[in-house]
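Heads up: the structure comes next, in structure tokens.
Numbering (our numbering), first residue to last: 48 to 578.
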């Protein structure tokens, strides 16, 4: 049946025929309602599906807006939590019961009531005769009566206050105020003790200060817990931070929902690269915030550097995966602006969908990730594929092994050992994860006189003869007097046989046991060699 344009015999408007509704559905690209389903029911079902699609899309948009808000708040500056900012003060509060304080009223004294003695008419007159003056005696008697009356009234007021409990309440108030003032004073004294311990680089004091600063940094994103644990290594004066990264499902996986021609509600997935970039953008801000908190609290410059490892704890296997790792010394932290200046500008897609500032900004141009690259951070290329990176340094046992140290820590340890041994003018030429090559100058009267080329490495493989030959060539090229080959492991038998023979007389060898002895001698701290 089709639509008939003629009016009805009774003059009413024309009616829509089923054939017309079918043509409308075909024009809209929708399937024609099944036979037996009324057109009204099909239109109503289509409307319900469209409304549900819109509702689900709004839910996805809310998830995107929350992500944008977290990105913004994670980039907020961190307030310094140094010792000065943690000191407390307390001003005792007055008692506000509405009645005068009977204990604050002084007892009436006779000296305040006694009339002045009459002056002497004759300088030679005795004082006793002046005191017999009748006018003076009347004033004296009236003053005594007034003093006794007010003394009785004062005692009555004190007794009444004691009976009513006012004095007890006031005394309780004063005791409570004294207790609060004492608690503040004891807290400040404890804080001063912690400050002294921190300045002495005691691990417990440094770790306590760092963890308070890291916990305070989370205040801007309390709805996104990112706990961070701190371990301080006195050996290298380095803080090792383990940061828990947010779960992967925090970043929306969908752009929204759409209604298919068949009337089905279909999710619209986001490109995997966009989702990975969003996650890394948020993780980078959390990492930079933790670094800034540690750097800002170290006002006495106890730390020589900071190592931070970002861990994803919630994985299908249950094993934590390291997705980010930073190894930064104090100079690198000082050179780098640790928090981005603000969210990236909106693109057309963000403006159209209202997802918030900078959520879809190009990851290569994201300021937080750029800052991490300036710190030579290792960043996973794909967090959703659980591609791990090697952690720069490990927060292991109380006595670290050489393998636990980060490249910066190992370089700092070698420099500290040799400079304390007398090798000044230190200059690093090459540095990597396995070790470093540097030059140094020692005074004539020091334990290491002359110009040296130092090659220090760590690893389990024994040092071979070829490495000694390479070092001897570097000594000649640098015009140095001596060479030092230092390893955390051992030397091969052939290398040991070669040392001391021409032209290797000026090449000195230090193995892992020697490094451990130097550490104990010059730094007074133990070092475990490990494997």
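Note that beta-carbon positions come from the ideal geometry of N, C-alpha and C, so glycine has one too.
A quick note: this is a predicted structure, and the numbers were derived from the prediction, not measured.
Can you tell me which residues form a DSSP beta bridge with residue i?
{"i": "residue 499", "result": "487 and 529"}
{"i": "residue 315", "result": "303"}
{"i": "residue 241", "result": "According to DSSP, residue 241 bridges with nothing at all."}
{"i": "residue 358", "result": "291 and 369"}
{"i": "residue 374", "result": "354"}
{"i": "residue 482", "result": "504"}
{"i": "residue 286", "result": "279 and 353"}
{"i": "residue 448", "result": "575"}
{"i": "residue 471", "result": "488"}
{"i": "residue 541", "result": "DSSP, once it has assigned bridges, lists no residue as partnering residue 541."}
{"i": "residue 512", "result": "In the DSSP output, where bridge partners are listed per residue, residue 512 has none listed."}
{"i": "residue 425", "result": "372"}
{"i": "residue 477", "result": "484"}
Is it buried or exposed, residue i, if we count other Cβ atoms within 10 angstroms and call 16 or more buried?
{"i": "residue 499", "result": "buried"}
{"i": "residue 483", "result": "buried"}
{"i": "residue 502", "result": "buried"}
{"i": "residue 111", "result": "buried"}
{"i": "residue 203", "result": "exposed"}
{"i": "residue 199", "result": "exposed"}
{"i": "residue 237", "result": "exposed"}
{"i": "residue 124", "result": "exposed"}
{"i": "residue 453", "result": "buried"}
{"i": "residue 223", "result": "exposed"}
{"i": "residue 586", "result": "The question about residue 586 has no answer, for the chain in this structure spans 48 to 578."}
{"i": "residue 360", "result": "exposed"}
{"i": "residue 320", "result": "exposed"}
{"i": "residue 491", "result": "exposed"}
{"i": "residue 247", "result": "exposed"}
{"i": "residue 446", "result": "exposed"}
{"i": "residue 337", "result": "buried"}
{"i": "residue 438", "result": "buried"}
{"i": "residue 363", "result": "exposed"}
{"i": "residue 417", "result": "exposed"}
{"i": "residue 94", "result": "exposed"}
{"i": "residue 92", "result": "exposed"}
{"i": "residue 424", "result": "buried"}
{"i": "residue 420", "result": "exposed"}
Looking only at its own chain, which residues have a Cβ that is under 6 Å from the Cβ of residue i, when we skip the five neighbours before and after it?
{"i": "residue 274", "result": "291"}
{"i": "residue 43", "result": "Any answer about residue 43 is impossible in this case: the structure gives the chain only from 48 up to 578."}
{"i": "residue 104", "result": "303 and 304"}
{"i": "residue 413", "result": "328"}
{"i": "residue 495", "result": "468, 469, 470 and 489"}
{"i": "residue 464", "result": "565 and 569"}
{"i": "residue 522", "result": "500 and 530"}
{"i": "residue 287", "result": "278, 354, 440 and 442"}
Could you name the residues of the same chain whose beta carbon sits closer than 7 Å to that of residue i, not counting the 5 residues immediately before and after it, in chain order?
{"i": "residue 422", "result": "373, 375, 379 and 383"}
{"i": "residue 519", "result": "530, 550, 551 and 554"}
{"i": "residue 351", "result": "283, 284, 285, 376, 377 and 459"}
{"i": "residue 14", "result": "This structure does not reach residue 14, given that the chain is present from 48 up to 578, and the question cannot be answered."}
{"i": "residue 190", "result": "160, 161 and 162"}
Less than 8 Å between C-beta atoms, sequence neighbours within five positions excluded: which residues of the same chain meet that for residue i?
{"i": "residue 539", "result": "509, 510, 511 and 512"}
{"i": "residue 155", "result": "194, 197, 198 and 201"}
{"i": "residue 182", "result": "165"}
{"i": "residue 315", "result": "301, 302, 303, 304 and 305"}
{"i": "residue 431", "result": "295, 319, 322, 323 and 326"}
{"i": "residue 97", "result": "306"}
{"i": "residue 234", "result": "135"}
Starting from residue i and walking both ways along the beta strand (DSSP E), at which residues does that stretch end?
{"i": "residue 556", "result": "554-557"}
{"i": "residue 280", "result": "275-280"}
What residue does the alpha helix (DSSP H) around residue i start on, and which one ends it?
{"i": "residue 130", "result": "130-133"}
{"i": "residue 138", "result": "Careful: residue 138 lies outside any alpha helix (DSSP H) and carries neither H nor E."}
{"i": "residue 258", "result": "250-264"}
{"i": "residue 420", "result": "414-421"}
{"i": "residue 94", "result": "86-121"}
{"i": "residue 537", "result": "Element bounds for residue 537: n/a, residue is neither H nor E."}
{"i": "residue 461", "result": "454-467"}
The segment 555-567 / the segment 528-537 touching (three or more Cβ pairs under 8 Å): Short answer: they touch.
Evaluate the contact criterion for the segment 128-145 versus the segment 156-165: three or more CB pairs, one atom per stretch, below 8 Å. The answer is no - the segment 156-165 does not touch the segment 128-145, with fewer than three Cβ pairs under 8 Å.
Three or more beta-carbon pairs under 8 Å between the segment 239-258 and the segment 312-331, yes or no? No, they do not touch.
Count Cβ pairs between the segment 333-353 and the segment 246-261 that sit closer than 8 Å; are there 3 or more? The segment 333-353, when compared against the segment 246-261, does touch it at the 8 Å Cβ threshold.
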